[in-house]
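Data first, discussion second: the structure below is written as structure tokens.
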Amino acid sequence: MINKEQTVGSCVASNFATAEIFKKYKIDFCCGGEISIEEACKNQNIDLNSLLSELNNISNNKKEETLYDYLELDKLADYIVNNHHSYVRKNLPIIEPYLDKIVEVHSENHPELFEVQKNFRAVRDELLSHIQKEENVLFPFIKKMVEAKNTKSALENPPFGTIKNPITQMEAEHDNAGDAFKNIRNVTNDLTPPQDACNTYKLTFELLAEFEEDLHKHVHLENNILFPKAIILEEELIK
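For reference, each letter of the sequence shown is one residue, going 1 to 239 in my numbering.
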């Protein structure tokens, strides 16, 4: 039973289907997932009882799904790399030429496209650097922690001190990417193509929406599941 004290992030962590409800009410479940459902309702001026009813209806009728919350942390890190990091690398070079094209053709009538282009380039630069750091620094250490736990061996001291340090940086970068997409939505009426939009224009906005959707799940898996559990595991290992 989902209650008002539960955080938005933990709710989505236990059942990702609830993310659709939070999205409908414009409640941030990834970067802003640490606040309670009650607080989120106050911030968005939403009726708490109505939201809880919708969330519990989904929770009671959920179908079997992959329970990321129960994956070993090394397996979850691999899942993120194989599914979400690969998605970023594949789709950035697909979206950018389309976006550049519609800026070239339509920006005279739709100058807001320059803002879309600027923010998407910021997302590109942020994420490419971000996933590289996760794959080269953070995730290998998480795997070392899992190995140390399973083999009951000593954990080597990492060069970054405590795992909270890179995690804090990763979360800040998640916020930056999320804010950039909020800016994109603000200037495009929630990625709604204008009446004079050509097919390329419409396709570009569809691709941007899909990219944002994947980013939300990517950030959710890290902020609400992988990172908190990694912090707890490190604390257990260094006791």
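For glycine and all other residues, C-beta sits at the position ideal for the given N, C-alpha and C.
Determine the direct distance from the alpha carbon of residue j to that of residue i, and round the result to whole angstroms.
i	j	result
residue 214	residue 88	9 Å
residue 261	residue 112	Since the first residue of the chain shown is 1 and the last is 239, residue 261 is not available in this structure.
residue 155	residue 235	11 Å
residue 212	residue 19	13 Å
residue 28	residue 209	15 Å
residue 4	residue 46	12 Å
residue 228	residue 207	31 Å
residue 204	residue 118	15 Å
residue 96	residue 25	29 Å
residue 98	residue 85	21 Å
residue 200	residue 150	51 Å
residue 190	residue 159	42 Å
residue 182	residue 53	27 Å
residue 16	residue 198	34 Å
residue 216	residue 21	14 Å
residue 65	residue 157	At residue 65 the pLDDT is 47, less than 50, meaning the model places this residue with poor confidence; the figure from the coordinates comes in the next sentence. Their Cα atoms are separated by approximately 36 Å.
residue 152	residue 161	21 Å
residue 202	residue 186	17 Å
residue 261	residue 140	Residue coverage of the chain in this structure runs from 1 to 239, which leaves residue 261 outside it and unanswerable.
residue 51	residue 23	12 Å
residue 10	residue 239	26 Å
residue 82	residue 101	30 Å
Excluding the 5 residues flanking residue i on each side, which residues of the same chain have their C-beta closer than 8 Å to its C-beta?
i	result
residue 226	73, 76, 77, 80 and 142
residue 241	Residue 241 lies beyond the residue range present for the chain, which begins at 1 and ends at 239; the question has no answer from this structure.
residue 6	36 and 37
For my contact list, residue i and residue j are in at a C-beta cut-off of 8 Å; report their separation, rounded to the angstrom.
i	j	result
residue 237	residue 68	Rounded, the Cβ-Cβ distance is 22 Å, inconsistent with contact.
residue 56	residue 2	5 Å
residue 35	residue 8	6 Å
residue 231	residue 164	6 Å
residue 128	residue 166	In fact, because the Cβ distance is near 17 Å, the residues do not count as touching under 8 Å.
residue 39	residue 48	Wrong, their Cβ atoms sit about 10 Å apart, outside the cutoff.
residue 116	residue 184	5 Å
residue 145	residue 233	5 Å
Would you mind working out which of the options sits nearest residue i, comparing C-alpha positions?
i	options	result
residue 134	161, 200, 106 and 171	171
residue 14	26, 33 and 24	33
residue 240	41, 109, 22 and 16	This structure does not reach residue 240, given that the chain is present from 1 up to 239, and the question cannot be answered.
By Cβ distance, which residues of its chain are closer than 7 Å to residue i, with the 5 residues on each side in sequence left out?
i	result
residue 31	174, 175, 178, 219 and 223
residue 180	119, 122 and 123
residue 194	110
residue 63	Any reading at residue 63 must be qualified, since the residue scores a pLDDT of 45, below 50, and its modelled position is unreliable; the value itself is stated next. Nothing meets the Cβ criterion.
residue 131	85 and 88
Would you say residue i reaches chain B, if we count a Cβ-Cβ gap shorter than 9 Å as a contact?
i	result
residue 186	No chain B appears in this structure, which consists of one protein chain only.
Quick test of the definition: if touching needs 3 or more C-beta pairs under 8 Å, does the region 87-102 touch the region 122-141?
Judged by Cβ distances under 8 Å, the region 87-102 makes contact with the region 122-141, as three or more pairs qualify.
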